[in-house]
Amino acid sequence: MSELKELTMPEVIKEINRLAKIKKERELNAKESAYREELKVLYLKYFRSGFEQQLKNTKVIDANGNDVTPSKLKKEGEKHDKQK
Numbered sequence: 001m002s003e004l005k006e007l008t009m010p011e012v013i014k015e016i017n018r019l020a021k022i023k024k025e026r027e028l029n030a031k032e033s034a035y036r037e038e039l040k041v042l043y044l045k046y047f048r049s050g051f052e053q054q055l056k057n058t059k060v061i062d063a064n065g066n067d068v069t070p071s072k073l074k075k076e077g078e079k080h081d082k083q084k
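Under full-length UniProt numbering, think of the first position of the sequence shown as 1, with each following residue one higher.
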């Protein structure tokens, strides 16, 4: 999986799609199936990380323009800002 860590999200998606196309034509062999599973794990890791970053940068505003962001989310966002 070490070579997988160097793949970017678009590259991971491209590889997953390539294997999906192969799977439509024929059954994947054991090595391809294992590689596909590793790609899926890496994809989910990237997805969760991106989603978490999005949440940390989210601000909730009510109809009156007041910041009603939950305190836990504010704290996480502040931690994220300090790490930059």
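Quick reminder that beta carbons are idealized off the backbone N, C-alpha and C, glycines included.
Starting from valine 41 and walking both ways along the alpha helix (DSSP H), at which residues does that stretch end? Counting along the chain, the alpha helix (DSSP H) containing valine 41 begins and ends at 30-56.
Along the alpha helix (DSSP H) that carries residue 85, what are the first and last residues, could you check? The first residue shown for the chain is 1 and the last is 84, placing residue 85 beyond what the model contains.
Hey, leucine 19 and glutamate 32 are a contact pair by Cβ (cut 8 Å); roughly how many whole angstroms apart? So it is a contact: roughly 6 Å between Cβ atoms.
For aspartate 62, list the residues DSSP reports as bridge partners. DSSP output for aspartate 62 lists no bridge partner at all.
Cβ separation of leucine 4 and leucine 42, assumed to be a contact under 8 Å, to the nearest whole Å: 5 Å between Cβ atoms; contact.
Within a Cβ cutoff of 6 Å, which residues of the same chain sit near valine 68, ignoring the five residues on either side of it in sequence? Taken in chain order, the residues that qualify are Val60, Asp62.
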